[in-house]
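Numbering (full-length UniProt numbering), first residue to last: 1 to 118.
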């Protein structure tokens with residue numbers, strides 16, 4: 001979530017703890033959705049220990065559910081290209097969710113697919 005606060009987000013926190021607009025903010029051009037993952041890390045909360053994923057496929061399954069639920073809630077994004085990015089350990093999660101989306105899309109009707117940018 002540091003990218004949201006320090007790099008890409010609409011605001012920057014100054015040393016005096018005030019907000020100032022971020023001139024390099026990506027949300028001036030793109031719609032951004034930040035996902036804190038996997039469940040149980042960062043600010044996300046798991047209801048039970050069993051919810052915490054133990055492998056990349058489980059992480060990808062959770063991310064796919066989050067993305068598809070978001071697209072249902074905000075249909076304006078349904079036909080826009082979806083770019084999956086990340087930093088640090090997301091070097092594991094990004095390929096996992098990308099692969100998962102490609103495989104899931106093979107078995108979904110065109111209207112139900114995630115419009116992944118490839």
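Glycine is no exception: its CB is placed at the ideal position from the N, C-alpha and C atoms.
In the three-state reduction of the DSSP assignment, residue 20 falls in the strand class. When only Cα atoms are considered, residue 59 and residue 75 end up about 24 Å apart. Two segments are said to touch when three or more pairs of C-beta atoms, one from each, lie closer than 8 Å; by this definition the segment 43 to 52 does not touch the segment 83 to 92. For residue 13, the enclosing beta strand (DSSP E) begins and ends at 11 to 13. Membership of residue 62 in the alpha helix (DSSP H) is indicated by the continuous run 56 to 73.
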